[in-house]
Amino acid sequence: MPAVTRWFVRTSLAYLVAALLVGIALTAQSALNLPGAIAALTPVYFHLFMVGWVTQLIFGVIYWMFPKYSREKPRGSEVLAWATFGLLNAGLLLRAVGEPLQALQPEAGWGWLLALSAVGQWIAGLAFVVNTWGRVKEK
Numbered sequence: 001m002p003a004v005t006r007w008f009v010r011t012s013l014a015y016l017v018a019a020l021l022v023g024i025a026l027t028a029q030s031a032l033n034l035p036g037a038i039a040a041l042t043p044v045y046f047h048l049f050m051v052g053w054v055t056q057l058i059f060g061v062i063y064w065m066f067p068k069y070s071r072e073k074p075r076g077s078e079v080l081a082w083a084t085f086g087l088l089n090a091g092l093l094l095r096a097v098g099e100p101l102q103a104l105q106p107e108a109g110w111g112w113l114l115a116l117s118a119v120g121q122w123i124a125g126l127a128f129v130v131n132t133w134g135r136v137k138e139k
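Residue numbers (the working numbering): 1 to 139.
Here's what the structure looks like:
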């Protein structure tokens with residue numbers, strides 16, 4: 001298993017645990033009538049699940065298991081795979097910080113974190129597609 005795949009998979013598992021913990025906090029807030037600030041974590045919860053766990057696990061497994069690109073570069077560009085990993089995670093972490101800040105202090109202008117997060121994740125998605133496209137082929 002390539003190193004970048006191990007990082008994608010292990011990081012996805014860490015995000016799964018983090019998402020479940022945020023889910024517990026959200027449930028406790030609702031069930032125990034705790035302060036409403038915890039509710040600002042709702043978008044973070046969904047992003048930790050869908051981008052952090054599901055998308056990252058899929059990216060890692062696809063990089064590892066899809067048909068070979070070529071004999072010289074069986075998985076495409078390793079540099080592009082690492083860039084995908086870095087941008088996806090940087091974007092997700094910015095979103096995990098920016099979403100609650102923007103929800104709790106909208107007048108402070110934290111929206112730029114969300115925009116930067118979205119751009120980073122979009123570029124990560126493009127890098128993944130570029131690196132994977134040639135590996136989608138018939139037998």
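Using N, Cα and C, we set each Cβ at its ideal position, and we do this for glycine too.
query = alpha helix (DSSP H) containing I38: first to last residue?
reply = From DSSP, I38 is part of no alpha helix (DSSP H); its letter is neither H nor E.
key: Presumed contact (8 Å Cβ cut-off) between Q40 and A103, rounded CB distance   = Reading the sequence as shown, one finds Ala at residue 40 and not Gln. Right, their Cβ atoms sit about 4 Å apart.
request  = Using only alpha-carbon positions, find the residue among V136, T84, P100, G109 that is nearest to V119.
outcome  = T84
task = Drop a sphere of 10 angstroms on the beta-carbon of P53, count the other beta-carbons inside from all chains shown, and report buried for 16 or more, exposed for fewer.
result = This sequence places Trp at residue 53; Pro is not what is there. Classification for W53: buried.
inquiry  = Going by beta-carbon coordinates alone, are V4 and A124 separated by less than 8 Å?
reply    = no
inquiry  = I believe T132 touches G91 by the beta-carbon criterion, under 8 Å. Please report the beta-carbon distance rounded to the nearest angstrom.
reply    = In fact, because the Cβ distance is near 18 Å, the residues do not count as touching under 8 Å.
message = Quick check: what's the CA-CA separation for Y63 versus N33?
response = 44 Å
query = So the alpha helix (DSSP H) F59 belongs to, where does it begin and stop?
reply = 56–65
request  = Spatial neighbours of V51 within its chain, please: CB distance less than 6 Å, with the 5 preceding and 5 following residues excluded, ordered by chain position.
outcome  = L92
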